[in-house]
Amino acid sequence: MRLSALKDYEDAELTSARIAASLEMYIKKGDAGSFPEGDYDEDEQRNIDIQPGMIYDGLKPGEEVGMIKSDRPNPNLQTFRNGQLRAVSAGSRGSYSSIARDYNGTYSAQRQELVESFEGYNIFQDTFVAGISRPMYRNWLKMAIASGVIVVPPDVDAKSLFNAVYSGPVMPWIDPKKESEAWKTLLRGGASTESDWIRAKGGNPADVKRRRKTEIDENKRLGLVFDTDPANDKGAQDAKQQEPDNDA
């Protein structure tokens, strides 16, 4: 309802702005004493072709040209519109920046807004997984095992067959450098895993590790050295070795 009312308001402002753009000027006539006797034609129609930079000298005695002032377009329209969109995003747990396409603000403010909006998205994801993805996967796995398409090894715990990780769309990174540094801190502190880091970017941990190993092995085979391999990273480039003391 709020969006519908906002659309009606914007349409009204647009109509007012179009009318204001069509207003040009008016000719203000003087009092009755400024008109020469017998020089007034009641049926006279005066049409003036207005052009940029024109000079008009057809004013009669006592007449003057006045400009029609208009306060349209409304300078407060954008402020009012953004306020309404903020109310809509707050009520729907959406992101104001994404709804209004307004990305002004600090990194902290933008990220906080993104985090709060994705809490709502995660609720939808969990609902979709519980209602569709998980039942569909488990039914498919049951049929695949029953038909012999998938043979379960005897050493596999039957209770773990239906365990799966359901990964939906992930929260995008506003500043990849800051996000990466935060994940490094979590990983080194033991508060997270490499798989969590990869999934946070929407990747498949097994696929990423397999491709990384292939890439590193190929670089070694070809004799290529890049700092993308942590084994070749000897620390900061500006680190200086301790110079020997020659004063002794």
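Residue numbers for the sequence shown follow this note's numbering, so the first one is 15 and each next one is one higher.
Idealized CB from N, CA, C, for every residue including glycine.
Next item on the list: Using alpha carbons as the reference points, say which of Met15, Val184, Lys173 and Val165 lies closest to tyrosine 135.
Entry: By 1-based counting over the sequence shown, the position of residue 135 is 121. Of the candidates Met15, Val184, Lys173 and Val165, the one whose C-alpha sits nearest the C-alpha of tyrosine 135 is Val184.
Check: What separation, rounded to the nearest whole angstrom, lies between the Cα atoms of aspartate 252 and asparagine 246?
Finding: The residue you call residue 252 lines up with position 238 of the sequence shown. The residue you call residue 246 lines up with position 232 of the sequence shown. In this prediction, aspartate 252 scores a pLDDT of 47, lower than 50, which makes its location untrustworthy; no coordinate-derived value is stated.
Notebook entry, point to check: Does DSSP classify glutamate 78 as helix, strand or coil?
Noted result: Numbered from its first residue, the sequence shown carries residue 78 at position 64. Strand at glutamate 78.
Margin query: Short of 6 Å in beta carbon distance, which residues of its chain neighbour tyrosine 180, apart from the five on each side in sequence? Order them along the chain.
Written below: Here the question's residue 180 lines up with position 166 in the sequence shown. Val143 and Ser147.
Item checked: Top-ranked residue by Cα proximity to tryptophan 211, from Ala220, Trp197 and Gly204 -> By one-based count along the sequence shown, residue 211 stands at place 197. The option with the nearest alpha carbon to tryptophan 211 is Trp197.
Checklist line | Collapsed DSSP secondary structure at tyrosine 117 in the structure displayed | finding: Looking up residue 117 in the sequence shown gives position 103. If DSSP states are grouped into helix, strand and coil, tyrosine 117 belongs with coil.
Next item on the list: Determine the extent of the beta strand (DSSP E) in which tyrosine 40 is found, giving its start and end residues.
Entry: Translated into the one-based positions of the sequence shown, residue 40 becomes position 26. 39-42 is the span of the beta strand (DSSP E), which, as asked, contains tyrosine 40.
Notebook entry, point to check: With distances taken between CB atoms, is the gap from valine 166 to isoleucine 159 smaller than 8 Å?
Noted result: Working through the sequence shown from its first residue, we reach residue 166 at position 152. Working through the sequence shown from its first residue, we reach residue 159 at position 145. In contact: valine 166 and isoleucine 159 (Cβ atoms closer than 8 Å).
Next item on the list: State buried or exposed for serine 112, treating a residue as buried only when at least 16 other CB atoms are found within 10 Å of its CB.
Entry: On the sequence shown, residue 112 is found 98 positions in, with the first residue counted as 1. Burial call: exposed.
Next item on the list: Within 10 angstroms of the Cβ of leucine 99, are there 16 or more other Cβ atoms? Answer buried if so, exposed if not.
Entry: Counting from one through the sequence shown, the residue named residue 99 turns up at place 85. That one is buried.
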